[in-house]
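Below is one structure, written out as structure tokens, with a few remarks after it.
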Amino acid sequence: MTGMRRRTVLGAVAGGAAALGLSACGGAAGGGQGSGKGTVVFRIWDEEQLPGYKKSAAAFHAKHPDITVKVEQMPWEAYWSKLTTELAAGKGPDIFWNTVSYFPEFVQQGVLVNLDPLIKQDSVDTKQFYPQILATYTHQGHVYGMPADFGITGMVYNADLFKAAGVPVPGELTWAPDGSGTLLETARKLTRDRTGKRPDQAGFDAQHVKQWGFMAENHNQTQYVNWIPQNGGSFMSKPFGKFTFDQPKAVQALQWQVDLITKWHVSPPPSAGVALDLFNRGQIAMYPCVNAILPYIVPKVNFTVGVTNLPSGPLGAVNNVNGLSFAMAKTSRNQKAAWEVVKWFGSAESQRIIGSGGYAWPANKTVASTYHQYWKAKGQDMTPFEKAATGKTVLLPVTPIWNAAELKIDNTFKPMFQGDQPVGPTTKKLAGDLNKLITQ
């Protein structure tokens, strides 16, 4: 799975930033080229992808019998806690999954191997990767991670709820801050209180809703990081820049999200529970998500799931793009062998294994179709996600303070999404506080 914030998606709490205490120029001690043989440790967090990477590691070993890849998997929170502690002590895995959340910290602290010389040495064609993912792990012109996978926002829907309500399945839905557009209209038709009334009917009981038309949760990657640019605003000025979600166009988009919950009552409040659980229980008709969430939905529900486009705002469709990279740690004592493994994981041959098994959308464009074909065979049309990938996209915030900032944003936005705090003043104070942290 791509590095989405899993505390609301999968129920695991991602910890805040952990200081490594390493200099940006010197990096960590203990690394070395090594013999080019032996065992290379590769660490991931997603148990759903573990079988795929074990298959890839076995295929690599068949080609390189002198190198064995040991694939380690641990839960998200433990993953980062252990990794940051190990790197600070000059230990840790040779290779690990990295995310945009931790990349700015790690690159400034000097714990990542600059892959440029190795890429040039072995003539690795970086044009085979989605440019957004390559750019995510590039700093000051240098590449610090081999692109692993590609994730983009779209929307899944409960086709059974649409059929029961006599509503056509969603296509190109639209929204605007004032509630105009087709999204709100559609969501109203799919929202029901415990007596079966809709929000636009007399006697609707907003305190006892059994089914909501849309999910407008407090979530960055699948929600406001998309809505804000669709309305002409920005969440952050630029990579390593300042937070700008307190500006008028951004505030409008956030207010629209809150209104879906507290004013129009077509989306559940934060107190209703975890979004994924609500959708899987059949209580949400439309659920914005990333493609990587499909393995956590399709095999686990007893209703028909459909895939469609994320609703478009006043400026049209804008979708968040995210992806992981294979990072080489400077602490690795066998960097020569580790590079061979990283190079393999980025290859079309390895990423075909991952894509054809439906584990992840390959960052290697040449084999991306294998992932789409897998899900098509499962009854899921991936065309909306594919279309979004070729349209206008934005990245998650890139800043060294993101882990601490994300937790603070989540905690501050929660009462705002509950309707207990005003959007304008809340965002103004929060953005100001975070921008002060950036300059410290």
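Just so we're aligned: the sequence shown equals residues -28 to -1, 1 to 412 in mature numbering (1 follows the signal peptide of the UniProt record, and there is no 0). Where is the CB? At the ideal position from N, CA and C, for every residue including glycine. Keep in mind the model is a prediction, meaning the values are calculated, not measured.
Distance CB(residue i)-CB(residue j) smaller than 8 Å
i: L59; j: A376; result: no
i: Q100; j: K337; result: yes
i: L282; j: M388; result: no
i: H33; j: V41; result: yes
i: G204; j: K221; result: yes
i: F385; j: N190; result: yes
i: Q80; j: L367; result: no
i: V370; j: P119; result: no
i: V277; j: Q345; result: no
i: I200; j: G391; result: no
i: I67; j: V313; result: yes
i: G123; j: A299; result: no
i: Q45; j: I16; result: yes
Where residue i sits in the DSSP three-state scheme
i: I410; result: helix
i: E20; result: coil
i: E44; result: strand
i: N281; result: coil
i: N336; result: strand
i: P89; result: helix
i: M208; result: strand
i: V223; result: helix
i: W160; result: Per the sequence shown, residue 160 should be read as Arg rather than Trp. Helix.
i: G318; result: helix
i: T216; result: coil
i: T11; result: strand
i: I269; result: coil
i: G(-2); result: Interpretation of G(-2) is limited by its pLDDT of 34, a score under 50 that renders its predicted location unreliable; no figure is taken from the coordinates.
i: F275; result: coil
i: I373; result: coil
i: F389; result: helix
i: Q173; result: coil
i: W311; result: helix
Cβ distance (whole Å) where residue i is taken to contact residue j below 8 Å
i: G330; j: W347; result: 6 Å
i: V238; j: P171; result: 6 Å
i: A148; j: P286; result: 6 Å
i: P372; j: D121; result: Going by Cβ atoms, the distance from P372 to D121 rounds to 23 Å, so no, they are not a contact pair.
i: V262; j: T194; result: 6 Å
i: F212; j: A257; result: That pair is no contact at about 39 Å.
i: A360; j: N291; result: 4 Å
i: V223; j: G113; result: Not a contact, Cβ separation roughly 35 Å.
i: L296; j: N70; result: 7 Å
Beta bridge counterpart(s) of residue i as assigned by DSSP
i: V181; result: D165
i: N70; result: S297
i: N291; result: T365
i: P260; result: M127
i: F186; result: M258
i: L84; result: A301
i: I381; result: The partner list for I381 (beta bridge, DSSP) is empty, contrary to what the question assumes.
i: I39; result: G10
i: F101; result: N336
Min CB distance residue i to chain D below 8 Å
i: A403; result: Any reference to chain D falls outside this structure, which holds one protein chain only.
Q. Which whole runs of the alpha helix (DSSP H) in the segment 109 to 157 are 4 residues long or more, in chain order?
A. 131 to 137
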